[in-house]
Amino acid sequence: MTKSKTRQKMGGKWSMKYKKSINCNHPKGFSQKQHCKYGRKTHKNIKTIL
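Here this note's numbering is used: position 9 in the sequence shown is 91, and no number is missing along the way.
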């Protein structure tokens, strides 16, 4: 038997709607804190370049 090369990811990526809904003044949980600390910097840099 051969294994299927395609796999479904459980969970996965955050939607843009979810990212925008995160309140960085009061992040809830480790992942949101890390997103506010590191993830948002790249978004700001892209906007300034364009």
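Virtual Cβ for every residue (Gly too), placed ideally from N, Cα, C.
Between P109 and K101, the C-beta gap is not smaller than 7 Å, which leaves the two residues out of contact. Excluding its 5 nearest sequence neighbours in each direction, C118 has C-beta neighbours in its own chain below 8 Å: I104, C106 and P109, listed in chain order. A direct Cα-Cα distance of roughly 16 Å separates G94 from F112.
In the DSSP annotation of this structure, the continuous segment of the alpha helix (DSSP H) that includes K101 starts and ends at M98 to S103.
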